[in-house]
Structure formats: structure tokens, C-alpha cells
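Each residue of the sequence shown is one higher than the one before, counting from 553 in my numbering.
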Amino acid sequence: MEYFWSEAAEKRARDLIDRYPEPRSAIMPLLYVAMSEDLRRGEARLTESGMRRVAELVGVTPAQVSAVAGFYTMYKLDSVGQYLVSVCTSLSCWLNGADQVLQAVEDQAGVPSGQTDPAGLITPEHVECIGACGGAPAVQVNYEFVEGVSPDKAREMVEWLRSDRPEWVTGDRLQARFGSHTSFPWAIPEPDGVAGPVPAFPSLGTVHHSNGEAPSDLDRSPTVGNGDHPMILTARMNDYPQTSHTLDVYRATGGYSALVKVLGDPGMTPTEVTEDIKASMLRGRGGAGFPAGVKWGFLAPDRPSYLVVNADESEPGTFKDRQLMERDPHQMIEGVVIASYAAEAHQAFVYIRGEYPKAARRVEAAVEEAYQAGYLGQNILGSGYDLDLTVHLGAGAYICGEETALLNSLEGRRGEPRLKPPFFPAAKGLYMKPTIVNNVETLANVPWIIMQGGAAYAAIGPEGSPGRRMCSVSGHVVRPGNYEIVEGLTWRELIFDLAGGIRNGNRLKAWVPGGASAPWFVPELHLDTEVTKEAIDGHGSMTGSGAVIVMDHTTDMVAAAERLVRFFAHESCGQCTPCREGTVWIDLILRRIMDRQGRSVDADLLLDVSDNISPGLRWPPAMTTICALGPSAVSPVVSLLKYFRSEVEDYVEQANLVPVAIGARR
């Protein structure tokens, strides 16, 4: 049978290719188009014919396209049902009953995870963190969120999908019928949806539009950005809950005033902008905490350069950037334009994780508004400065949060990290050109800094940890969610005052202070420690991505550690032996212990394997790999054996000591 794409798909393909300096960069979005076309032809998967067409369009071999498709989890090479029901089983969701939700979905569908029911309708799957940790346990149906799902509601949802067979799946509809609490207030009506297991994103041609109009709330007082509002990052979301994402609200509250200050008369030079960011002492909010202004200053002058926004937020427990993009995308976009001007870049990209299609829709709509208003494109604000901004959707790979892996992915390659040196982005980044890579929250701070001055930002909070930042709090707390804080409060204040303490009157047992990679804290030692980079570093952990996962006294800490190690084993890119092999072995040993087949030597064996991945087991970890994923993956094991070794020993005491073979990796 002759294989061809529809005229609309061919046009979308050409438009996508035109967005990038090099055609190969369009491979990932084109693979989504190919999946949509394969669905139209009755194939519920990405076919070889579809991949060949992508190869023809961008001028590479089918093998190169296949290598890319096989790296990412969202390109389905095996057939799936009309409704892909993805249940998050990562740590935050597991703490809140995700395993029971997954079991309910499987039971109602009549098939185990990874298989499709006989009617070809339902495919359950268990997935790693989807960025809805505050609404745990969370599920996606064709990548549309439904949060706070109980096992009973999960069964109802599967039965509804089977009986009603909705043509379009929308997150709002799912949430209203089957969800409860959410990671943050969605507030804004979202009428868009998707038919089939491909993310709903406009340029992919998968979005259904209805005539939903968000109510106006512009009668509120515009106080954001003038220095008087107590918040910086979340002010509009609180004051304008229905319309904070719109250009009208953004401008009415001082939005784009910083860009006018930079590009207007008399304006600021790129060097002056960079120096102001240096003076602010703004640290990167993506994990490493590197000073943003210093990073900008590394760029070689008088060379073509790029700016890339790392919006591939995938660290378990982290969902702050999702809120910033869904609720106030123009704040990030203004930061992008200012940062690009400072870098003398004329092309910027926002790389958004594939599991965030709603955020991608919001950002793309805001980008279009910014173009129409003259904040993007040619001769911005009459200044002579030009900038194009492209929204790029990922496809399910945590490793792409590592900046060089992200650049490889953006170039249309497998998301494998690069060696540093020589491939520091500031010297050899995107297309081997100097590149700034910042995350969403970092850039969202930039407009306020430009308006109020770097010194004003540096004066907020304690010395060394200035400004405001977002913390994503999840797990066993009364009020999970994102909190904009000034660093310097204590963990007691964050967990008990802001997040409401431990649910059901239970006791605090431990918490992860900065994302899955961070060594754990325990109340006996750390509850009154300040939430600052210096204090957390001093206690052998890190602020990281700002993800705080709280565990109460009922938590099985061996199982908690295994959930995190399983995540790292699943997300390893496979380039480096210590990470590829070591994480799998640690996971297998932990599961052997949990299966009551552990041995008395297993605790020390865990440390021995961990030491081979990260020699010395210190923090920050010693590097034996191209990126930090492998060495960081031992943190849960080291924390487990440092604070809760007795729980490992209890498992071993219960073990059946008959020798057994370690099972194959699931």
C-alpha cells in the first residue's frame, strides 16, 4: 500500500523545518506528525514508513531517525490503544497510593501495564514522574492531566473511556469527573484536547479548539513589577487567577516594561544587562545553582550565539516550571528576550518536556501574542534588535534536563550528554555555537531584576542566597503545592507552617530537600536548618530543583529508596558503564531485599556498588561518568543506609535464605 501524508501534514512538516537553522532539528516534532498520520491510517504506533518520510524530509538516513525515535518513551513503536492511560508511580505518587491506582486501571482494562485490551481501546502504562506531584496520585490520558485520582475514580475513568469513547480528551473534563486536588490551581479554562495518544500541541496538528472564553478579571489593581508586591514569580497568578496567562493582564501589571527599559531610549547595552544580573546574584534555579550572570558572561563576543530555555522539568517532585508556564508564560518570554539581547543572540528556543503539552500550548499561544505585539520578531520595539523564539516539544527523557543532552536532543539526536570539556555550552553549544542554557524560573526572575536593579534583588533574603524562589512540596503534607519563598526560613517553617505539617497527625520521618538526586534530611538533625544553599550544602545535600518530598513515619524507606533508584536506572542514557550497569544492579539488590530474599552482605554490597559509581560516596559526588546522573543516583542508597540501615536489616532477617537468581530487569 502506498504511503503518503495528508496535504495538511506535509504543510505542517515544511513549517516545522523552517523553524530551525538546521533541518535535522525538526526530527522530534516531525515524529509526532508521523504518529498522527499513522493514526489517521489506522496504525496506533509510529511506523517504519513514517520514520522514512521524516528522514526524507530532513535529509538523514532512516536509521538515524529510528535511533532518535527509539531513545524517547513517547514515540510508541508498538501499537497502543485509542486511550493511553499513564499512571505515575514515582516517589510522590507512590507515597499517595499510585500502586493501587495502577492496579485499578489494569483490573478495569483487563490487561497489565504495557498491553492493550482486545478492543484496542485502553493501554495502561506505569510511568516515571509526570510533573503533577502536588496532585498525587496523578494520571495522564493521552498526555492530558488528571490529578488526585483514587482507585475507585480510576476504575470509573477507564469504564467511561470504554463506554463513551470520547473523540476528544480534555484535561479539564477529566479533572472535573475523576480528579480531586491538583498540584496548583488550574483556574484558567482549557478547552483544547486531543484525539489519540499523541500530545495535543498546535504545530503538530493534534489540538481540537472549542469556543471557550476565559472570564476577565482586569479590574484588579496592577501592582506586579513595581517593587511593592510581596511576590515576584507568582504575583499575577494570585491576583488574576483566570487571566494571568494573557498578554492583556501581563501588560496591565507592568509586563514588558523591563524590555522597554532595555531596548528603549536610552536603553541598556548587552554588557550592562549582564552586569545587572551579576549584581543580583541570581542563581540558576534548575539544579546546579550556578550564578546566571556569570554564565552569561562566559559567552565569546562577536560570534553567532543562541539562547535555550531548559523547560524539560522531569526531576521527581518538581512541578514549579509547569505552573510558571501554564499560568504566567509572558514573564518567562520577557526574560528570554532580555537574556537573548544580553547574549547578542537572534534565535532562542524553549525546550518543553513532552509530558507538558498544556504548558507548551500556553507558551506557544503567548509567543504568538508577543510576535503580534512586537515583543518578538524583527526590529523589536523599534530598537533594531531581532529575535525569533521557537517552542520545541520533548518526548519523554529525563536525561534531556542535562544541558548538553538537551542540546543534542534539540539538534535532532539522541538525548545523550556531551563531554565537558570541550563541549561547554558557552563555547560549543547548539550547532557548536556559544549558547546560554537557563531554566524557566531563572529567566522569570529577570524582568523584576531589570526593573528594580540587581542590588535590590540581592538585598532580598540572606547573603549568598538572594531573591525569591519556588519550592515544590509534595508527599505526606497537608497542603502540597508550589511555594514562592525567600530563602532563610527553616525546614520546620516550610513543612509545618506553609505546607501544613504531616497529614493525619503522623510524624515526620524524612524528606528529600532538593529533588531525587539530593541526599535526604531527617528531623532529628535538620528540621531547624535554614533553607539556603549554604546551609543545605553544609549538611551534605543540595537545594537542587527545589523539589521537597516529605515522608511520614509509616513510609517504608527501603521501598522509597528503590523508587528513586528505579527512576535513575530507567532514565540512564546508557553511555557510561557505571551509570548504565550500576543503577540497575542497585535496583535489583534493593528489590531482592524487598522480596525477602536479601542476604546479610547486601547492605555492604549496596555501598560497594555505589562506591564504584561514585567513589568515596561524598557530596557533591565524584564524577565517573559524562554527566551527574549516575553519581547522583547513589544518594538514596547512601541516605537509606546512613539513617535507616535497621530497616534494611529487618528485611534481611525475614529473608528466605535459599539461593535464588536475580530476576531480569523489568
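All C-beta atoms, glycine included, are put in the ideal place defined by N, C-alpha and C. It should be emphasised that the depicted structure is a prediction, and the values quoted were computed from it without experimental measurement.
For V657, the secondary structure class from DSSP, reduced to helix, strand or coil, is helix. Residue range 940-945 is occupied by the beta strand (DSSP E) that includes D940. Positions of the beta strand (DSSP E) runs, each at least 3 residues long and wholly inside the stretch 605-666, are given as 635-640 in order along the chain. Between the stretch 803-818 and the stretch 926-939, the count of Cβ pairs shorter than 8 angstroms is three or higher; the stretches touch. Comparing alpha carbon positions, the residue from L629, K705, S601 closest to Y555 is S601.
In this structure V902 is not in contact with E955, their Cβ atoms being roughly 14 angstroms apart against a cut-off of 8 angstroms.
Look at the stretch 1031-1065 and you find these whole runs of beta strand (DSSP E), each 3 residues long or longer: 1033-1038, 1060-1064. Under the three-state reduction of DSSP output, S1187 falls in the helix class. DSSP lists no beta-bridge partner residue for E574. For Q924, the uninterrupted alpha helix (DSSP H) segment begins and ends at 909-925. The residues Y1203, Q1206, A1207, N1208, in chain order, have a CB closer than 8 angstroms to that of R1148 in the same chain once the five nearest residues on each side in sequence are set aside. Ranked by how close their Cα comes to the Cα of R597, the residues G672, G926, A957, Q652 have G672 in first place. Every unbroken stretch of the beta strand (DSSP E) spanning 3 or more residues and falling wholly within the stretch 1092-1172 is given here in chain order: 1099-1104. With a cutoff of 8 angstroms on beta-carbon distance, L1181 and E1123 are scored as near each other. Rounded to the nearest whole angstrom, the CA to CA distance from I1178 to R1132 is 12 angstroms.
Of A1008, G953, A900, the smallest CA-CA separation from L982 is found for A900.
Burial is judged here by how many other beta carbons sit within 10 angstroms of a residue's own beta carbon; M587 has at least 16 and is buried.
For the stretch 927-992, the continuous beta strand (DSSP E) assignments of 3+ residues that do not extend past its boundaries occur at 940-945, 987-991, in sequence order. Between M1103 and A1062, the C-beta spacing is below 8 angstroms. Contact between R1115 and L643 holds: their C-beta atoms lie close to 5 angstroms from each other, under 8 angstroms. Only residues of its own chain outside the window of five on either side were considered, and among them I1165, S1166, P1173, A1174, M1175, T1176, T1177 have a CB closer than 7 angstroms to the CB of P1183, listed in chain order. Exposed is the label assigned to N1056, since fewer than 16 other Cβ atoms lie within 10 Å of its Cβ.
The DSSP-derived three-state label of F1196 is coil. For G683, there is no enclosing beta strand (DSSP E), as DSSP marks it with neither H nor E. From the listed residues M626, V637, L958, L1142, the smallest Cα separation to A706 is found for V637. Proximity of the stretch 608-628 to the stretch 567-581 meets the contact definition, three or more beta-carbon pairs being nearer than 8 angstroms.
For Y903, the enclosing beta strand (DSSP E) starts and ends at 899-904.
Rounded to the nearest whole angstrom, the C-alpha separation of S809 and W720 is 39 angstroms. Annotation: T613 to V620 spans about 11 angstroms, alpha carbon to alpha carbon.
The three-state secondary structure of E677, taken from DSSP, is strand. Sequence-distant Cβ neighbours of N648 in its own chain, meaning closer than 6 angstroms and more than five residues away, are A688, P689. R970 and D659 have their C-alpha atoms some 43 angstroms from each other. Counting along the chain, no beta strand (DSSP E) covers R597, and no H or E run does either. Take the alpha-carbon of G748 and the one of G845: they are about 43 angstroms apart. Annotated three-state conformation of G887 is helix, per DSSP. For S1026, the enclosing beta strand (DSSP E) starts and ends at 1020-1027.
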